[in-house]
Structures are given as C-alpha cells and as structure tokens.
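Enquirer: There's a structure below that I have some questions on.
Numbering (my numbering), first residue to last: -9 to 150.
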C-alpha cells in the first residue's frame, strides 16, 4: 500500500483507512484493515464515548516531516493514538481568536518544549508515551511535534 499525502502531514507517510468526509464514504480495502476494522472501532469507542467515528488515518513521520495544527476543521472531537511515540510532543492551543491558528503554527519550530512555561502562554504541553491516546475537542488546536519514526492514528469523532 503506497502512502498518501495529506496537507496536515507534509512529507509524512499517511494512510487513509476510513473517512466520512467525502461522498461516497471511504473504507480502505487493504486486507489488514478489513480483518481488524471492527476490533479497532470497538477500542476507539471505549476510549471516547462518541457515537460516530468520522475519520481514521495512520501517520508515520520521518526526519523531514511535520504535522500542522489540527482543530476547528474536525466535527466535534479528535485524538491521536500513538503506537510509537519516539519522544514526540503535543502542544494544545485554545481556539479563542482568529490568530490562534497562527500561534499554534509557531509551535512547530520548538525543539525543546520541556524548557518552556506553557501555562504562561495559555497552552498545554504533553510528552507523548507509547500506546497512549491524547484527545481534544474542536475548541483546541493540537500541534504534534514528531520525531523520526513517530507513528500514530489520527481519529476524528462526530456527535450524531
């Protein structure tokens, strides 16, 4: 299966597995996805009590890739489920003003987020761990600061 390109993840390998964003809805036909889809959906619904899974993509970063802030374009709730964190970080920025997205984009250049007082900037910082999930509502922008080989699922939910 060849990697796809998504504007959220420049230069990263991204595999779209499931999406209700377009018409007709997309459901990947790869055998590994067909075999494990229901099990993955069951696990994702246990983590977040939302009725509809709207979008699932598998993202694998390299040394040149980045992840643009995600937030207000999501229907209600979204999350990142890390399989292999490799020391990645997440910075959440509240979506309060028209400049919040710009503020979240500026976080892309941070190389040592542990040295910054994020509460002074009205932001939250998380050091990512393997097999953990990090969720946010669409009132926040989440900026993933990946490292080489960081791998995770990007999942979006919708309220019905």
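All C-beta atoms, glycine included, are put in the ideal place defined by N, C-alpha and C.
1) Look up residue 79 in the DSSP assignment and give the residues it is bridged to.
2) Can the beta-carbon of residue 89 be found closer than 8 Å to that of residue 145?
3) Who pairs with residue 148 in a beta bridge, going by DSSP?
4) On the criterion of 16 or more Cβ atoms from any shown chain inside 10 Å, does residue 92 qualify as buried, or is it exposed?
5) For residue 99, which three-state DSSP category applies?
6) With a 10 Å radius around its C-beta and 16 neighbouring C-beta atoms as the bar for buried, classify residue 109 as buried or exposed.
7) Going by DSSP, name the residue or residues bridged to residue 20.
8) DSSP three-state label for residue 36, please.
9) Secondary structure at residue 110, three-state DSSP: helix, strand or coil?
10) Quick one, are the C-beta atoms of residue 98 and residue 56 less than 8 Å apart?
Expert: Straight from the coordinates:
1) 117, 135.
2) Against a cut-off of 8 Å, the Cβ pair of residue 145 and residue 89 comes out as no contact.
3) Paired residues: 42.
4) Around the beta carbon of residue 92, fewer than 16 other beta carbons lie within 10 angstroms, which makes this residue exposed.
5) Reduced to three states, the DSSP call for residue 99 is helix.
6) So residue 109 counts as exposed.
7) For residue 20, DSSP assigns no beta-bridge partner whatsoever.
8) Assignment of residue 36 by DSSP, reduced to helix, strand and coil, places it in the helix class.
9) Note: residue 110 maps to helix in three-state DSSP.
10) Their beta carbons are under 8 Å apart, which means residue 98 touches residue 56 by this criterion.
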